Amino acid sequence: MITPGAAAGLPTVHCRICQGPVTGFLDLGHHPLSDAFRHPEENGEEFYYRLAVGQCADCTMVQLLESVPRERMFHESYPYHSSGSAVMRAHFTGLARHLLSTELTGPDPFLVELGCNDGVLLRTVHAAGVRHLGFEPSGGVAAIAASHGVRVRTEFFEEATATAVREADGPADVIYAANTVCHLPYLDSVLRGVHALLAEHGVFVFEDPYLGDILAKTAFDQIYDEHFYYFTARSVQALAHRSGLELVDVQRLPVHGGELRYTLARPGRRPVSPAVADLLAEEQRRGLAEPATLHRFAANVARTKENLLALLHDLRAQGHTVVGYGATAKSATVTNFCGISTDLVAYICDTTPAKQGRLSPGAHLPVRPASAFAEYYPDYALLFAWNHAEEIMAKEQDFHAAGGRWIHYVPEVRLR
Ligand code: SAM
Ligand code: TMP
Ligand code: ZN
């Protein structure tokens with residue numbers, strides 16, 4: 001059954017949080033896994049899934065209609081390395097220091113991180129001699145964290161593994177996760193795990209891309225397999241309430257194109273910051289939970305696709321060279337949704353060794369090392385890593401000075 005106002009052809013599914021009806025508002029078509037970079041000689045079929053987003057009519061949570069089995073995404077060769085950006089390294093080091101001086105000052109404090117990746121945050125906690133544990137199911141990056149002295153369990157955080165840690169290590173003063181909670185469709189189990197592990201006065205702090213920024217910037221490339229949920233203060237408040245926790249603080253963050261940091265605690269244990277009511281009121285004013293807002297977003301996405309393709313075809317017709325910058329997971333959404341192949345974007349430059357020499361998922365754009373960029377400047381560079389724009393444009397000033405131009409597509413298609 002298609003609910004009135006739904007995107008044509010999308011099913012209505014059950015909300016992963018509250019079982020309410022989730023109606024699709026944007027269909028991006030069939031997509032490969034966003035981080036499945038292929039060896040050029042590999043010729044097996046790629047795994048595809050339907051990439052479509054909907055909203056729950058009951059709890060307002062925006063979520064994918066179809067989830068990908070977690071082991072397909074997070075495994076030994078998961079290629080994303082959190083330490084790849086200097087700005088993100090500073091972001092996590094700063095937060096670790098802040099937590100060490102605020103939440104982790106009691107006798108023998110304990111911090112647990114979900115999705116610690118290569119240990120970008122926990123290295124600082126380890127260096128301070130504070131008890132910690134990272135959950136990181138992707139073996140390759142977990143091994144890098146361990147090589148820096150970080151204590152890691154190569155496991156998925158969920159109720160059973162969290163309970164095992166509670167029994168072995170005792171309660172956690174802080175449970176922290178960046179760009180991970182929105183990756184976990186099975187949030188019911190994760191939150192039962194948080195409930196079991198969190199100390200009475202502890203806090204569960206997590207940060208993820210903010211739906212408010214995604215809509216404001218038409219950042220449709222934030223939508224991909226790993227990003228299952230698209231949170232707002234309102235949907236997280238409802239989620240916290242269902243899980244026997246309370247949303248006590250929210251903080252907007254400039255990283256990754258606009259995120260929110262949520263702080264949850266056991267009910268009544270912490271004062272609720274006025275920032276929560278302020279943001280809820282702002283979300284109400286902006287109509288973030290209104291289906292009409294989401295349909296407007298879908299229309300904007302179609303326009304961005306049209307404009308980007310028109311520009312790329314135009315540049316090709318004029319004989320200009322175009323390469324991509326940053327083989328982000330986001331770029332898999334852009335290239336596959338827009339149908340961008342090597343005739344429009346010759347290759348993508350990226351600093352991640354695990355992506356270099358491979359082909360991008362689905363679109364099969366070759367990935368070259370970042371050094372290839374300066375070896376042969378293209379006329380135009382399509383900035384797939386737009387969330388790192390300042391860092392990248394600062395270090396690639398010579399490109400611009402040599403007459404090169406950046407193509408941005410967020411918040412709209414334009415040249416810089
Ligand atoms: N926190 C890092 C950051 O912000 O850069 C890494 C984010 S990365 C996008 C998501 C990470 O979560 C991956 O390293 C993945 O292996 C890990 N992950 C996936 N499911 C998990 C789970 N159930 N428990 C803990 N980590 C998980
Ligand atoms: P992210 O947007 O998910 O953080 O991914 C960023 C990608 O861009 C990652 O593959 C690393 C790459 N990258 C560069 O190639 N050069 C850079 O300067 C930065 C910051 C990232
Ligand atoms: Zn719901």
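Residues in the sequence shown are numbered from 1 upward in steps of one, following the UniProt record's numbering.
Glycine residues also receive a C-beta, built at the ideal position from the N, C-alpha and C atoms.
Since the model is a prediction, treat every value here as computed from it, not as a measurement.
Output the distance between the C-alpha atoms of residue i and residue j, rounded to the nearest integer angstrom.
i           : j    : result
A385        : E412 : 15 Å
H30         : G20  : 25 Å
A86         : V174 : 25 Å
V152        : F206 : 19 Å
G326        : Y229 : 23 Å
I340        : G362 : 10 Å
Q397        : R416 : 12 Å
G403        : H256 : 27 Å
P4          : P291 : With a pLDDT of 45 at P4, under the threshold of 50, the modelled position of this residue cannot be trusted, and the question is left open.
I2          : D27  : Because the pLDDT of I2 is 36, which lies under 50, any placement of that residue in the model is unreliable, and the number read from its coordinates should be weighed accordingly. Roughly 13 Å between the two C-alpha positions.
R329        : A6   : Correcting the residue identity first, residue 329 is Ala in this sequence and not Arg. Taking the straight line joining both Cα atoms gives about 27 Å.
V13         : S77  : 32 Å
A162        : H364 : 39 Å
P254        : R266 : 27 Å
residue 426 : L197 : In this structure the chain extends from 1 to 416, so residue 426 is not present and cannot be described.
R405        : M393 : 11 Å
A145        : A372 : 28 Å
S208        : N179 : For the record, residue 208 in the displayed sequence is Asp; it is not Ser. Roughly 5 Å separates the two Cα atoms.
H98         : F337 : 40 Å
A172        : L133 : 10 Å
T304        : Y409 : 7 Å
E283        : L211 : 10 Å
A401        : C182 : 39 Å
A128        : G94  : 13 Å
L359        : Q222 : 20 Å
V165        : G106 : 20 Å
I407        : D213 : 20 Å
P366        : S147 : 30 Å
Any heavy atom of the ligand TMP inside 7 Å of the beta-carbon of residue i?
i           : result
N387        : yes
S235        : no
I223        : no
E391        : yes
S85         : yes
Y80         : yes
D398        : no
D350        : yes
T342        : no
K330        : yes
A370        : yes
G9          : no
residue 417 : This structure gives no information on residue 417, because the portion of the chain shown stretches from 1 to 416.
K355        : yes
Per the DSSP calculation, residue i is bridged to which residue(s)?
i    : result
T23  : Q55
R358 : In DSSP, R358 forms no bridge with anything.
T321 : None; T321 has no bridge partner.
T263 : V205 and D249
R131 : F110
F231 : Y210
R414 : H408
Y380 : V322 and R405
Looking at C-alpha atoms only, which residue of the options is the closest neighbour of residue i?
i           : options                   : result
Y176        : I144, Y262 and R234       : Y262
F37         : G403, F399, P353 and W406 : P353
Y10         : A52, V190 and M393        : The question names Tyr, yet the displayed sequence has Leu at residue 10. With distances taken between Cα atoms, L10 lies closest to A52.
P369        : T161, A363 and D350       : D350
Y80         : C338, R414 and C116       : C116
V22         : E42, M61 and H39          : M61
residue 438 : E391, R414, H400 and A401 : Residue 438 lies beyond the stretch modelled for the chain, which goes from 1 to 416, so this question has no answer here.
V194        : F135, A8 and A281         : F135
P274        : F373, Q251, A142 and P378 : Q251
Y186        : E167, C18, A401 and V367  : C18
G54         : F47, A8, E45 and P109     : A8
A233        : V68, E246, M73 and E103   : E246
H320        : V150, A57, D343 and E375  : D343
Should residue i be listed as close to the ligand SAM, given that the test is whether its C-beta is under 7 Å from any heavy atom?
i    : result
V141 : yes
E41  : no
M61  : no
R70  : yes
Can you find a heavy atom of the ligand ZN that lies under 7 Å from the Cβ of residue i?
i           : result
G193        : no
C15         : yes
D188        : no
G54         : no
C182        : no
residue 422 : Outside the modelled stretch of the chain, which goes from 1 to 416, sits residue 422, for which no answer is possible.
D58         : yes
G20         : yes
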